[in-house]
Amino acid sequence: MQGTSPHLTKQTGLSILRTVAPTVGSAAPTLVSAAALRSGSAGGPRGLVKARTAHTPSPTTGHTSPTEHDRRSPVRPSTRNGNRTPSARERLLDAAAHRFYTDGVNATGIDRIIADAGVAKASLYNNFASKGELVLVYLAERHSEWLDLLAARDELARSPEGRVLAVFDAYLDHARPDIGDGFRGCGQLNAAAEFPAGDPARALVRRQKEEVEALLRTRVSDALGEGTPRATAAALAEQLSYLLEGAVARAGLEEHEERLLRARAIAADMLAHAAGEACTVHAEHAEPAEHAAHAQHGATRSAHAAGEEHIERSEHGPGAEAR
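Numbering (the UniProt record's numbering), first residue to last: 1 to 323.
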């Protein structure tokens, strides 16, 4: 397999993508289990993925400062079962993940991965159809790791605004193990940049980033409250996604987390400003209804008073004594 192109055929790649990538905007997107990807217990081509129900976050989090973030950062989720010896598939994925992220996909040959994993070449053929399939599993696993970190952050969230910031926290949690040890930014975007337009790997990364923006859109809408136009929430979510992806790219260039921490602080400010504007709009919309209610109440009182006055005049008007 050494020397073969990492790219899959379009037909095979699309088949895998239908299994791996969730449909953005669906009520319950199908997410990939990182543990299943490693173990090979998943469905799909050669056990490529395992569908699981999307994690339903707790209704939670308030803002945390960078210092609080450091104290409360959850540990990257383990994909191992106790202390058992990792399988050949898991060793191959570990070796590939390290090399793909550190050296790049195209610069990493199959022989290098096999040597790092300490397995026979047959083990690779038994678990993956090609280097291209291994790349797709690597990308899917990275995204699943991030989703697990997001679920852990959601457990710490104490408000709708906090659930928006949890997306930023999970990005930092995913990056932190590599910071100071060859951190190169977003592994998905780095890999996508190595492939031509139309390649299944690029399509998968695009779907993953669309899912992140869709998560932000839902969470921003919840944070701004009922009555906020969808377009308003979508526009802010789009801006936050640009902020997030730009920050991780700059952090990768500088090999430091400061850009991600600053992006989180900026996101908190943007969210607070948008929430304040939303409250103002809601209040302005409520005022006409309130004025209408007061006017209706006043009209009712006036009509009632006029009726009483008419009765009084009838009782004391001309001919009242004769009655």
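Backbone N, C-alpha and C define an ideal beta-carbon position, used for all residues, glycine too.
Bounding residues of the alpha helix (DSSP H) (the contiguous stretch that carries F195)
Run containing F195: none; DSSP gives neither H nor E here.
Per-residue burial, H273 [other beta carbons within 10 Å of its own, 16 or more giving buried]:
Residue environment for H273: exposed (fewer than 16 other C-beta atoms within 10 angstroms of its C-beta).
Do you know how far the Cα of L156 is from the Cα of A193?
Approximately 34 Å, taken between the alpha carbons.
Have a look at N127 and T218 and give me their C-alpha separation to the nearest angstrom.
37 Å
Taking E255 as the reference, which of P177, V205 and V220 has the closest Cα?
P177
According to the Cβ coordinates, are A122 and R91 closer than 8 Å?
no
Could you check whether the region 237-248 touches the region 257-269, counting it as contact only if at least three pairs of C-beta atoms, one from each stretch, sit closer than 8 Å?
yes
May I ask you to report which of helix, strand or coil DSSP gives T102?
Of the three classes helix, strand and coil, the one that applies to T102 here is helix, per DSSP.
Status (buried if at least 16 other CB within 10 Å, exposed otherwise) for Y125:
exposed
Look up E238 in the DSSP assignment and say whether it is helix, strand or coil.
E238 falls in the helix class under three-state DSSP.
Considering just the uninterrupted stretch of the alpha helix (DSSP H) at D222, what are its terminal residues?
P200 to L224 is the span of the alpha helix (DSSP H), which, as asked, contains D222.
Under 8 Å between C-beta atoms of E257 and A265
no
Cα separation between L271 and T232?
12 Å
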